[in-house]
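Step one of this worksheet: look at the structure below.
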Amino acid sequence: MIHFNVDRSGAGMRTPHAALLSLTHPSRSMFEKQRALLRKAVPAGFPSPADDYVERRLSLDEHLIEHKESTFFMRVAGHSMLGLGIYDGDLLIVDRSIPAAHGCVVVAVIDGEFTVKQLLYTPQGKVLRAAHPDYPDVAIRAGQDFSIWGVVQWNVHKV
Amino acid sequence: MQRAIALVDCNNFYVSCERVFQPGLEGKPVVVLSNNDGCVVSRSQEAKDLGVQMAAPWHQLKDLAKRHGIIALSSNYTLYADLSNRVMSLLARFSPQQEVYSIDESFLDLSGMPGNHDAYARHMRHTIRQCVGIPVCVGIAPSKTLAKLANHVAKKNPRFDGTCDFNAMDGNELDTLLATLPVGEVWGVGRRTAPKLEELGIRNVLDLKRTPPKQLRQRFSVVFERIVAELNGDACLQLEDVAPAKQQIICSRSFGMLTSSLADLEQAAIAYTTRAVEKLRQQHSIAGGIQIYIRTNPHRERDPQYQQAILVPLDEPGDDTRAFCRAALHGLRRIYRSGYAYQKVGVMLTHIIPAAARPITLFDDDAARQRSNALMNALDRINRKMGNGTVKLLGEGINQRWAMRNEHRSPRYTTEWDELALCRS
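Protein chains in written order, with this note's numbering: chain A, 1 to 159; chain B, 1 to 425.
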C-alpha cells in the first residue's frame, strides 16, 4: 500500500520503494498504469452482510414443471371447466408422464380432438366430466377413438 | 463380458412428431415433405403401404395422394428438434453412456447391466411413448453394426414387437435370422456396393458375416474388414459421447419459385452463407473456404439446364459472416450465366478446423480479429435471444421473393407462445 503514494513530481523518488522502481527507468505512463492497478487493488467498502445468505431467485419453471421432458403447454378454448377455475384462453401445464387417476383433470383425445375434462372411473367405464352445468357428462363407449394425452398439473390464468 | 449395445430408433420420426399434436392423423396416410415442399422425407406406415417411396418428388405423387387422401405436411424442424431433445434426454437415463447418432437415433451402452435386456428395452419403449408420444424400436447386440440390424428386425418383423436382442439368441437362431436379411441392410454397405457384393455371391447378411475379410479387403476397402468383424460380434466402433465437429457445413435450399435474376441468387447466397457460418461458430470452428453452387430444375426437362460449382478460398481461415459472404458473392458472379431459370443455390464451408487450432500467420491483425469476434458474438447473442434473423446483413434482402414454400407447416407447438395446441373445454 505504500506505493500508492508514489509522487509523479519525483519528490517521492527518494523513498526506498521508489528507488527500487527507478532501477527500471519507469516512464511516466508506466507509473500511471501502476497507480491505476494499485488503486484497483484497494478493497472497496465493507463486505455485504448478506453475502452468506445469497440464494438463487425463485424460478416458476422449477416450481411448475416437475418432469421437463414430458411437460407441454396448451391453450384452453371454451368454458366447460369454469367450475374448476379454468377459463377460455388459459394456459394449461400438462404432464404426460403422470398416470391419470380418478378425479384428475386430463387432456383427452376424442375423435382426434383435444379436450380438457375431469376423468372419472365409474363401474360403467370412464367418464369425462365438465365443470359447468351446461355440459353433460361424456361416457366413453367401448371401441371409441379415445385416449388420455396427459394430466393437467397447473392452470395459468391471467387475473 | 459380452458387450450389449442398444440402438433406439424413432419410427417415422417426423410423421410421429406431427401426430403427437394432431392425433387426428393417427391411422391415416401422412407424409412430411422436405424444405420447400419438394420431396417426401418421412412417411407413415399407411403411406408406405400405398407405395409412396422415400425421396419421391411430391408433384409426382399428387394423383395418388388425391385418390387415397394422403395428407402432406411441410417439414416443421423446430418441432422435430424439440421432441428429439426430449427423447434423447429421457434415453440418457437408461445408460451411463449414450451416443446421439442422429435426430431420431441413439446408441446406448447396456454392457454389464443386470437383468433382462429385452424387458429393459420394452421399458424404454413404453417410457418414450408415454412421456413424449413417439413410438420407438430398440435393437440390442454386441456391436453397433449388429445393433443396427437388430433394430431393423425389431421394426420390420412383427414377431419381435418393437424390441430385438441378438444377445439373447443362440448362434444358430441368429444366423438363420441374418440369412433372411439382404446385404444392403448392413450399415456401411451403400446402394452401389450391394450389387457388387451380390455378384460375388454375397446376398444376405449371413453370407457377408462368413466371408473371409481378406477377400473383401482386396476388392473393396479396409472398412469392410471392420464391418465383417462387427457382424461377427467384435465391437470395433466405440460409442462417441460427444458428436465430432462437422467437417463440412452445408446450407442449400430450393427456391419457392424459379428465378433467373442474379439479385435473387445473391440474396439467397448471403442468407444461406449467414446460416452456415452461424453453425460454424456454434461448433467453435473456423473454415478456410466456401463452395457455392447453383442449378436449374432437373425435373423440367424441356428447360435449358445448367449447374456449376466453385470453391473460393479465404485469405485466412475464420468465422466472420462478412468475409464468407464476400467470397460467396465473388464465386457466384463467376459461375452465374444469364438466361437460365435457377431452382437452387447452395453453399458449403470447407477446410474446417477447431477455432483453437487457428494457424498463426505473418500478417495476423489481432485488433481486427477481436473486433470481428466481438461483432459476431453480439450478432449471435441478439439472434439467439430475439429469434433468428433479428439482425442480419442487408444483402439477404427484406422481401425474399425466392424464399421457400412451406404452405402446410404445422404450428410450432412447443417453442412459440402463440402457436400452442388448442384444447377444447
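Idealized CB from N, CA, C, for every residue including glycine.
Considering only their Cβ atoms, is the gap separating B:Val15 from B:Val87 smaller than 7 Å?
no
Whose CA, out of B:Lys344, B:Cys17, B:Ala47, B:Asp9, lies closest to the CA of B:Gln267?
B:Lys344
Is it buried or exposed for B:Phe363, if we count other Cβ within 10 angstroms and need 16 for buried?
exposed
Quick check: is the beta carbon of A:Val107 nearer than 7 Å to any beta carbon in chain B?
yes
Under 8 Å by beta carbon: chain B residues contacting A:Leu92
Cys423
Which residues of chain B have a Cβ atom closer than 8 Å to the Cβ of A:Phe114, listed in chain order?
Pro23, Ala421, Leu422, Cys423, Arg424
Residues bridged to B:Glu105 by DSSP?
B:Asp9, B:Ser102
Does the Cβ of B:Gln282 have 16 or more other Cβ atoms within 10 Å, making it buried, or fewer, making it exposed?
exposed
7 Å Cβ shell around B:Lys392 - same chain, five flanking residues per side excluded:
Thr274
Express the C-alpha separation of B:Lys196 and B:Val186 in angstroms, rounding to a whole number.
14 Å
B:Arg125 and B:Thr163 look like a contact to me (Cβ under 8 Å); what is the Cβ gap, rounded to whole Å?
6 Å
Count the CB pairs spanning the region 135-151 of chain A and the region 98-113 of chain A that are closer than 8 Å, and state whether there are at least three.
yes
Sequence-distant residues of its chain with Cβ nearer than 8 Å to B:Lys156 (five each side left out)
none
My guess is that B:Met263 and B:Glu396 are in contact by the Cβ rule of under 8 Å, so how many angstroms apart are they, rounded?
Note on residue identity: the sequence assigns Ala, not Met, to residue 263 of chain B. 12 Å between Cβ atoms; not a contact.
To the nearest angstrom, report how far apart B:Ser425 and B:Asp37 are at their CA atoms.
34 Å
Report the rounded CA-to-CA distance for B:Val136 versus A:Leu58, giving the unit in angstroms.
36 Å
Anticipated Cβ contact below 8 Å, B:Phe94 with B:Ala147, distance rounded
The Cβ separation is near 14 Å, so there is no contact.
With DSSP run on the structure shown, which of helix, strand or coil describes A:Lys117?
strand
Would you mind working out which of A:Thr115, A:Ser80, A:Phe73, A:Ile98 sits nearest B:Gly24, comparing C-alpha positions?
A:Thr115
Ignoring anything shorter than 4 residues or poking outside the region 138-218 of chain B, list the alpha helix (DSSP H) runs there in chain order.
144-156, 171-178, 193-199, 205-210
Using beta carbons (cut-off 7 Å, strictly below), is A:Val156 in contact with chain B?
no
Let's see if you can read the secondary structure: which residues bound the alpha helix (DSSP H) around A:Phe72?
Taken as a continuous stretch (DSSP letters only), A:Phe72 belongs to no alpha helix (DSSP H), being part of the beta strand (DSSP E) at 71-77.
On the three-state DSSP scale, how would you describe A:Ala139?
strand
Other residues of its chain near B:Ser260: CB distance less than 8 Å, five sequence neighbours each side excluded:
Ser338, Gly339, Tyr340, Ala341, Tyr342
Test: B:Leu200 CB closer than 7 Å to a CB of chain A
no
Check each candidate in B:Asn35, B:Cys10, B:Arg67, B:Lys62 and name the one with the smallest Cα separation from B:Ser426.
Absent from the model: residue 426 of chain B. The displayed extent of chain B is 1 to 425, so no value can be given.
Three or more beta-carbon pairs under 8 Å between the region 398-418 of chain B and the region 66-80 of chain B, yes or no?
yes
Thinking C-alpha only, which one of B:Leu7, B:Met54, B:Asn232, B:His351 is nearest B:Pro213?
B:Asn232
Element boundaries [beta strand (DSSP E), containing B:Ser254]:
249-259
Quick check: the Cα distance between B:Asp303 and B:Ile360, rounded to an integer number of angstroms?
49 Å
Straight-line gap, B:Arg19 to A:Pro49 (C-alpha atoms, nearest Å):
55 Å
Taking all protein chains shown into account, decide if B:Tyr120 is buried (16 or more other Cβ within 10 angstroms of its Cβ) or exposed.
buried
To be precise: take each residue of the region 109-139 of chain B, compare its Cβ to all Cβ atoms of chain A, and keep it if any distance is under 9 Å. Which residues remain?
Thr127, Gln130, Cys131, Val132, Gly133
Kindly say whether A:Glu69, judged by its beta-carbon, lies nearer than 7 Å to any beta-carbon of chain B.
yes
Run the CB neighbour count on A:Ala36, radius 10 Å, all protein chains shown included, and call it buried at 16 or more, exposed below.
Per-residue confidence for A:Ala36 stands at a pLDDT of 49, beneath the threshold of 50, marking its modelled position as unreliable; no derived number is given.
Buried or exposed (CB count within 10 angstroms, at least 16 for buried), B:Cys236
exposed
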